[in-house]
Structure formats: structure tokens, C-alpha cells
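By numbering that gives the first Met the number 0, the letter at position 138 of the sequence shown is numbered 137, and the numbering carries on one by one without gaps.
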Amino acid sequence: MAQFETLIWTIPNILVLGNIGSCISCGRAEYRIGDECCPMCWPGYRVYSHCTKSTRTPSCVPCIDSTFLDEPSGKTTCNNCTTCDPGLGLKVKQPCRPSSDTVCGTLEGFYCLDPTKDGCRAAQRHSSCKPGQYISHTGNETRISLVGFSVWTTTIPFNS
């Protein structure tokens with residue numbers, strides 16, 4: 000019976016210890032592919048081919064054609080650049096580069112509805128005045144125009 004109990008405890012230990020090789024932890028500047036830890040490609044570059052035991056480093060190629068990667072990664076594709084749609088009140092504030100996305104700003108006459116760290120994702124046209132109204136606070140890229148109402152008074156002469 001003791002041999003049977005030993006066998007019962009030995010088999011799970013072999014299975015657990017046999018799988019330790021698949022519990023590899025890679026460093027902060029590495030990514031895991033299979034059982035290998037490969038160095039990440041620099042911002043603006045993507046992985047063309049992963050590292051192997053013999054090569055130790057991946058082959059990295061630049062992001063091209065309106066694509067970017069803004070941080071080190073093990074990605075094999077770059078992200079598509081954001082488009083600033085003039086029909087939505089947006090313009091290019093900073094163009095897309097291989098290592099950074101496009102930054103959009105607002106067109107003249109618009110204010111930002113959805114600000115980002117450096118720019119804007121959505122804009123809306125400033126209010127315009129109707130007869131009897133005036134702009135009480137002029138808007139800008141980040142502040143809406145406020146419209147006030149004119150009050151017309153008439154003085155009626157008093158005859159005594």
C-alpha cells in the first residue's frame with residue numbers, strides 16, 4: 000500500500016515539475032513567443048520575424064503607410080493612424096509619425112466635445128446668434144460660445 004501512495008504523490012509532482020518550463024516570466028522590455036522571451040521592438044517599429052534560440056533578437060521593421068506604434072512592443076502589425084475629419088469640425092494639429100498617432104484639433108468656429116491629452120476626438124460648431132441675441136462669452140477651441148438675449152427698452156415721455 001505504501002508503494003501505491005508514493006506513486007499517487009509522485010505522478011502529480013512529475014506533471015507539475017514537468018510544466019515549470021512553460022511558466023517563463025519575461026522582463027519588462029521583452030515579450031513571450033512560445034518558450035522564448037524576445038526583446039521588444041522600439042516605438043515606430045513592428046516585429047517582422049520573432050527571435051529564436053539561435054537569433055536571440057527579433058527582426059524589426061518600421062511602421063509605414065499611415066501606421067504607428069507609440070511604445071515598445073512585440074506586435075507584428077502597426078496601428079492605423081487617426082483621421083481628423085473636417086466634416087466633424089476637426090483638423091490635423093500634429094501629423095501621424097511612425098512612433099506617434101495623429102493629434103487632431105478643432106477647426107475655426109468649433110469647440111472640442113471630447114478632449115484628449117494633446118488634442119480632440121470630437122467637435123461641435125459654436126452657437127450663432129438669432130435676431131435679438133448677442134454673444135455674451137466668445138468661445139474658443141475648448142469653450143462653448145454663450146448666447147445672451149438683448150433687452151430693448153423704450154422710453155415714453157411723460158407729459159404733465
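Cβ coordinates follow ideal geometry from the N, Cα and C atoms, glycine included.
Worksheet entry | 8 Å contact criterion, which C25 and R31 should meet: CB distance rounded | Position 26 of the sequence shown, counting from 1, holds the residue named residue 25. Position 32 of the sequence shown, counting from 1, holds the residue named residue 31. Contact holds; Cβ gap of about 5 Å.
Practice prompt. Go ahead and label P97 buried or exposed: buried means 16 or more other beta carbons lie within 10 angstroms of its beta carbon, across all protein chains shown.
Written response: As a working mapping, residue 97 is identified with position 98 in the sequence shown. Under this definition P97 is a buried residue.
Worksheet item: Do the CB positions of R45 and C59 come within less than 8 Å of each other?
Response: The residue labelled residue 45 in the question sits at position 46 within the sequence shown. The residue labelled residue 59 in the question sits at position 60 within the sequence shown. A contact, by the Cβ cut-off of 8 Å.
Worksheet entry | Distance between G33 and C111 (C-alpha atoms, nearest Å) | Position 112 of the sequence shown, counted from the first residue, corresponds to residue 111. Position 34 of the sequence shown, counted from the first residue, corresponds to residue 33. Approximately 45 Å between the Cα atoms of the pair.
Practice prompt. Hey, could you find the ends of the beta strand (DSSP E) K74 is sitting in?
Written response: Position 75 of the sequence shown, counted from the start, is the residue given in the question as residue 74. Looking at the DSSP string, K74 is not in any beta strand (DSSP E), and its letter there is neither H nor E.
Item to complete: Using DSSP bridges, identify the partner residues of E29.
Response: Position 30 of the sequence shown, counting from 1, holds the residue named residue 29. BP columns for E29 point to P38.
Worksheet item: Using DSSP with H/G/I as helix, E/B as strand and the rest coil, what is G118?
Response: Start at 1 with the first residue of the sequence shown, and residue 118 comes out as number 119. Three-state DSSP puts G118 in coil, outside helix and strand.
Discussion item. Quick check on the DSSP output: the beta strand (DSSP E) that includes C62 runs from which residue to which?
Written reply: Looking up residue 62 in the sequence shown gives position 63. Counting along the chain, C62 falls outside any beta strand (DSSP E), and DSSP gives it neither H nor E.
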